[in-house]
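For the sequence shown, the working numbering begins at 1 and goes up steadily by one.
Beta carbons: idealized from backbone N, C-alpha and C, even for Gly.
Because the structure is a prediction, the values reported are computed rather than measured.
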Amino acid sequence: MQRITQGDIDALRRRMQLRDERTSSGPPAPRPPQGARQVSSISPLKRGIEGAEQVTSLGRFLLREHFYPNKRSYGSVQISCLQHLPCHAMHDIVGEQLRSTDANRWVFLDTETTGLAGGTGTCAFLVGIGMIEDSGFRVQLYFMRDFDEEHAMLDALSQTLAQYDAVVTFNGKAFDVPLLETRYRLKRLRNPFRDMDHVDLLHPARRLWKERLGSCRLTNLESHVLGVERQDDIPGALIPQCYFDYLRSGDGGKLAAVFHHNVLDIVSLACISSVLLTIFASPNRASLRHGQDIRGLARWLNKLGKEGQALALYRTAIRSGLPRRDLFAALWETAQIERRAGRHEEQVQLLRDLARVSAMHRAAAFVELAKHYEHRLKDYALALKMTRNAQRHAPSEELSHRERRILRKLSATEKDGKAKATVPGADSPG
């Protein structure tokens, strides 16, 4: 019996991949950058790097393309969902109005660089961009095979970006875009980002998922939000060294993992955008399964002034079985909404519950109760009791000042005969 080797299995996988590509409806023809001429499907300058060499008036560089058809899925997201993004919700996500709410006018961008610290000595040797098209999602990789190709690569990238209104990144405001803008200045080329809106999804992702996930690195979101587990992915910290090894040896075989890493980053970025936009388009119908995520969305909407939607989500989160810390925080945040809405009985009940069970919020709950009894009910005896309870747990000069003021009010009312009250000292929320 003939023994099946790993080589036989790899060959079978390659044949299956070729068969799938032949039977699927292929992507539209690649669109070379304006002013560039494709002369070869394989780089003649370095070994092991496949792609289309582009020749421009400023030099040469390599362009690679990947296409994800609409019928394909990426984790829990169908690529076809990118065709129907509720783009109007991006205003709430980024807090500003974009020039275009047409996702076909957005480009998704990620870079691989010669260093992670930034600065003028760091350059992007690989820039990946993703575009939503009618038949799917296209990723283009702009690659400089050596430093003398940077000028041509950046110029071609600029011409492509000029066709779009907004760039979407993940931590791009802190790293990718400033680094590229520096390179454009050094090369005395037009900066394409000057005329584009910039949406950075790192901070929105943290607002929604940080309580549950802790780390909101893109690969972590892939795993826990999209359900994608990368296989044999190269760590980002090793990517600069891979490029320098390639420059020394001329062997680009190891760069295949870098290209693959960049493509996945861009597809993940587009799919995370889809998830965020869908959630914000209909917050109360969002398919969030974890109470901490629901609370994260409630906090976000609360800060946007959408207190009605936030309150409904807080109640859902509380019923979902939050961890104690998150439960007490949700009760506290709900109490603040009830106060602003004028529903003081609901607020007081929540504060009393917190004063009994939450060490983290006990002093603050007593302070809020003291304010309620002093200013709304004019019950200075209870206000004094709540203030002293707060002092017991978190003494401060502000509370001492409040206690002295309430004592003066209490003394005045007793002298006028308007109220007779004792001053209890039991540590209870009343």
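**Study point:** Given 8 Å, three or more beta-carbon pairs between the segment 88-101 and the segment 273-286
**Key:** yes
Point to revise | Reference S76, options R402, S268 and R212, closest by Cα | key: As a working note, residue 76 is residue 76 in the sequence shown. Minimum Cα distance to S76 is reached at S268.
Review point. Just curious, the beta strand (DSSP E) that H198 is in, first and last residue?
Key: For the purposes of this step, residue 198 is taken as residue 198 along the sequence shown, with counting starting at 1. Its beta strand (DSSP E) spans residues D197 to D200.
**Study point:** Integer Cβ distance of A386 from A370, believed to fall under 8 Å
**Key:** As a first step, residue 386 is located in the sequence shown; it is residue number 386 there, counting from the start. As a first step, residue 370 is located in the sequence shown; it is residue number 370 there, counting from the start. With the sequence shown as reference, residue 386 is identified as Met, and Ala is not the correct amino acid for it. M386 to A370, Cβ: 4 Å. Contact.
Exercise for review: Kindly indicate which residue of L126, I266, D195 and G291 has the alpha-carbon position closest to the one of R99.
Suggested key: For this step, residue 99 is matched to residue 99 along the sequence shown. Here the closest residue by C-alpha is D195.
Check your understanding: Should the segment 51-61 be called in touch with the segment 148-159, which here means at least 3 C-beta pairs below 8 Å?
Key -> yes
Check your understanding: From S43 to R145, what does the alpha carbon distance come to, in whole angstroms?
Key -> Residue numbering aside, residue 43 sits at position 43 when the sequence shown is read from its first letter. Residue numbering aside, residue 145 sits at position 145 when the sequence shown is read from its first letter. Per-residue confidence for S43 stands at a pLDDT of 43, beneath the threshold of 50, marking its modelled position as unreliable; no derived number is given.
Point to revise | Top-ranked residue by Cα proximity to S158, from K187, F147, F366 and S80 | key: Stepping through the sequence shown from its first residue, residue 158 is reached at position 158. Comparing Cα positions, the closest option is K187.
Check your understanding: Which residues in the same chain as A355 place their Cβ atom closer than 6 Å to its Cβ, once the five residues preceding and following it in sequence are excluded?
Key -> Mapped onto the sequence shown, residue 355 falls at position 355. If we look at A355 and ignore the five residues flanking it on each side, its Cβ neighbours are R362, A365, F366 and P429.
Review point. Taking C-alpha atoms, which residue in E338, V168 and R324 lies nearest to I272?
Key: Here residue 272 refers to the residue found at position 272 of the sequence shown. Of E338, V168 and R324, the residue nearest in Cα terms is V168.
Practice item. With distances taken Cα to Cα, identify the nearest neighbour of T101 among D245, L301 and D165. Key: On the sequence shown, residue 101 is found 101 positions in, with the first residue counted as 1. T101 has its Cα closest to that of D165, out of D245, L301 and D165.
Exercise for review: Counting only the same chain and skipping the five closest in sequence on each side, list residues whose C-beta sits under 7 Å from that of E333.
Suggested key: Walking along the sequence shown from the start, residue 333 turns up at place 333. Closer than 7 Å at Cβ, skipping near neighbours: R299, N302 and Y314.
Check your understanding: What number of angstroms, rounded off, separates the C-alpha of F433 from the C-alpha of R295?
Key -> The chain is shown only over 1 to 430; residue 433 falls outside these bounds and no answer can be derived.
Review point. What is the DSSP secondary structure of Q97, counted as helix, strand or coil?
Key: Your numbering for residue 97 matches position 97 in the sequence shown. Here Q97 sits in coil by DSSP.
Review point. What's the C-alpha gap between I406 and A317?
Key: Translated into the one-based positions of the sequence shown, residue 406 becomes position 406. Translated into the one-based positions of the sequence shown, residue 317 becomes position 317. C-alpha separation (whole angstroms): 37 Å.
Review point. Whose C-alpha, out of L189, T160, H198 and F67, is nearest the C-alpha of E133?
Key: Mapped onto the sequence shown, residue 133 falls at position 133. The option with the nearest alpha carbon to E133 is F67.
Review point. What distance in whole Å lies between the Cβ atoms of W209 and L226, which are believed to be in contact at a cut-off of 8 Å?
Key: In the sequence shown, the residue the question calls residue 226 occupies position 226. In the sequence shown, the residue the question calls residue 209 occupies position 209. Actually they do not touch by this definition, with Cβ atoms about 12 Å apart.
Check your understanding: Out of R206, H375 and V199, which has the shortest C-alpha to C-alpha gap to K409?
Key -> Indexing the sequence shown from 1 puts residue 409 at position 409. Considering only alpha carbons, the answer is H375.
Review point. Can you name the start and end residues of the alpha helix (DSSP H) that G291 belongs to?
Key: As a first step, residue 291 is located in the sequence shown; it is residue number 291 there, counting from the start. Start and end: G291 to K303.
**Study point:** Extent of the continuous alpha helix (DSSP H) run through A166
**Key:** On the sequence shown, residue 166 is found 166 positions in, with the first residue counted as 1. Here A166 belongs to no alpha helix (DSSP H); instead the beta strand (DSSP E) covers A166 to T169.
Point to revise | Short Cβ contact (9 Å threshold) for L311 with L297 | key: Counting from 1 along the sequence shown, the entry for residue 311 is found at position 311. Counting from 1 along the sequence shown, the entry for residue 297 is found at position 297. No, these two residues do not count as a Cβ contact at 9 Å.
Exercise for review: Pull up the distance between the alpha-carbon of A412 and that of Q292, whole angstroms please.
Suggested key: The residue labelled residue 412 in the question sits at position 412 within the sequence shown. The residue labelled residue 292 in the question sits at position 292 within the sequence shown. When rounded, the distance between both Cα atoms is 48 Å.
Exercise for review: Please report the residue range of the alpha helix (DSSP H) in which T160 lies.
Suggested key: Translated into positions along the sequence shown, residue 160 becomes position 160. E150 to L161 is the extent of the alpha helix (DSSP H) around T160.
Practice item. Sort V228, K378 and V94 by Cα distance to D265 and report the nearest one. Key: Within the sequence shown, the letter at position 265 stands for residue 265. Checking every option, the nearest Cα to that of D265 belongs to V228.
Review point. Which two residues bound the contiguous alpha helix (DSSP H) that contains G308?
Key: Position 308 of the sequence shown, counting from 1, holds the residue named residue 308. First-last of the alpha helix (DSSP H) with G308: E307 to R319.
Practice item. Please work out which residues of its chain come closer than 8 Å, Cβ to Cβ, to S400, disregarding the five sequence neighbours upstream and downstream, and give them in chain order. Key: In the sequence shown, the residue the question calls residue 400 occupies position 400. Around S400: Q391.
Check your understanding: Where do the ends of the beta strand (DSSP E) carrying M144 lie?
Key -> Stepping through the sequence shown from its first residue, residue 144 is reached at position 144. Run containing M144: none; DSSP gives neither H nor E here.
**Study point:** Environment of N389 [buried if 16+ CB atoms lie within 10 Å]
**Key:** Indexing the sequence shown from 1 puts residue 389 at position 389. By the 10 Å Cβ count, N389 comes out buried.
**Study point:** CB contact flag (L180, F193, <9 Å)
**Key:** Translated into positions along the sequence shown, residue 180 becomes position 180. Translated into positions along the sequence shown, residue 193 becomes position 193. Yes, the pair counts as a contact, with Cβ atoms nearer than the cut-off.
Practice item. Can you tell me which of the three DSSP states L238 falls into? Key: Position 238 of the sequence shown, counted from the start, is the residue given in the question as residue 238. Helix.
Check your understanding: So is P204 buried or exposed if we call it buried at 16+ other beta carbons inside 10 Å?
Key -> Along the sequence shown, one-based indexing puts residue 204 at 204. With 16 or more other Cβ atoms within 10 Å, it is buried.
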